[in-house]
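First residue of the sequence shown: 1308, per the working numbering; consecutive thereafter.
Idealized CB from N, CA, C, for every residue including glycine.
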Amino acid sequence: MRRVSVVGVSGSGKTTVARVLSARLNAPHIELDAIFHQPGWVGLDDEQFSRRVDEATMGNSWVVDGNYSRIQQLVWSRADTVIVLDLPRWRVMSQLLVRTLRRGWTGQELWNGNRESLRNLLRTDPEQNILLWSWTNHAKNRLRYRTAPADPRWLDLAFLYARSRREAHALADTAAGRMA
């Protein structure tokens, strides 16, 4: 396990798990949200995004986290392992609510000067409300990651599934043990 993609629905803990795994494997952590979201929450166009992800994943080892279908083929074609955080909706929503409230309350900078706003929790557009986004995409993303191992393009990938935070950290421990 040298090139790992950590995926899962929004709020499942991808970045947290990727940071832990990155430290244990002594591999760079690549956060796709940090690449995609430019100042003012402006997203990169597909060409720029692909180019930056291409450059970031050229190394021999890395841990990528994120759910961007437009660059999934690029990342997975270079990965040797995909860790899927397959947490139940109630767990994801509770984690996401706590995270969003903390970030909104503290004004924590996320990427490139961007901050989450508590006002966004009142919006009805899933593109602007992370809780609605996660709720509406949960089933679709879970299905996508549960069926991925059957796709002929990914037969050489090892898919590891974690259905809780504890299982995810156990996977990270196992991976670190294999590399030692």
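Check                                                                                                                                                              : Outcome
Scan the region 1345-1422 and note each continuous beta strand (DSSP E) run of 3 residues or more that stays entirely inside, going in chain order.                : 1369-1372, 1388-1392
Are three or more beta carbon pairs between the region 1316-1331 and the region 1368-1377 nearer than 8 Å?                                                         : yes
For A1325, which residues from the same chain have a beta carbon less than 6 Å from its beta carbon, with the 5 sequence-adjacent residues on both sides left out? : V1313, H1336, V1370, D1372
Looking at the structure shown, is A1325 part of a helix, part of a strand, or coil, going by DSSP?                                                                : helix
Select from N1444, T1431, V1311, T1364 the residue whose C-alpha is nearest the C-alpha of M1400.                                                                  : N1444
Run through DSSP, which three-state label would E1338 get?                                                                                                         : strand
Nearest CA to the CA of R1449: which residue from Y1468, R1377, A1341?                                                                                             : Y1468
Near S1424, what residues of its chain come up, given a Cβ to Cβ distance below 7 Å and the 5 sequence neighbours on each side ignored?                            : G1411
Could you check what DSSP says for R1470 in three-state terms: helix, strand or coil?                                                                              : coil
Compare the C-beta of R1310 with all C-beta atoms of chain B and state if any pair is closer than 7 Å.                                                             : Looking for chain B here will not work: only one protein chain is present.
Per the DSSP calculation, A1465 is bridged to which residue(s)?                                                                                                    : T1388
Once DSSP output is grouped into helix, strand and coil, what is the label at A1487?                                                                               : Low confidence applies to A1487: its pLDDT is 45, below 50, so where it sits in the model is not reliable enough to give any reading.
Whole-angstrom Cβ separation of S1317 and W1440, contact assumed at under 8 Å?                                                                                     : 6 Å
Nearest to I1378 by CA position, among L1339, L1392, H1476, is which residue?                                                                                      : L1339
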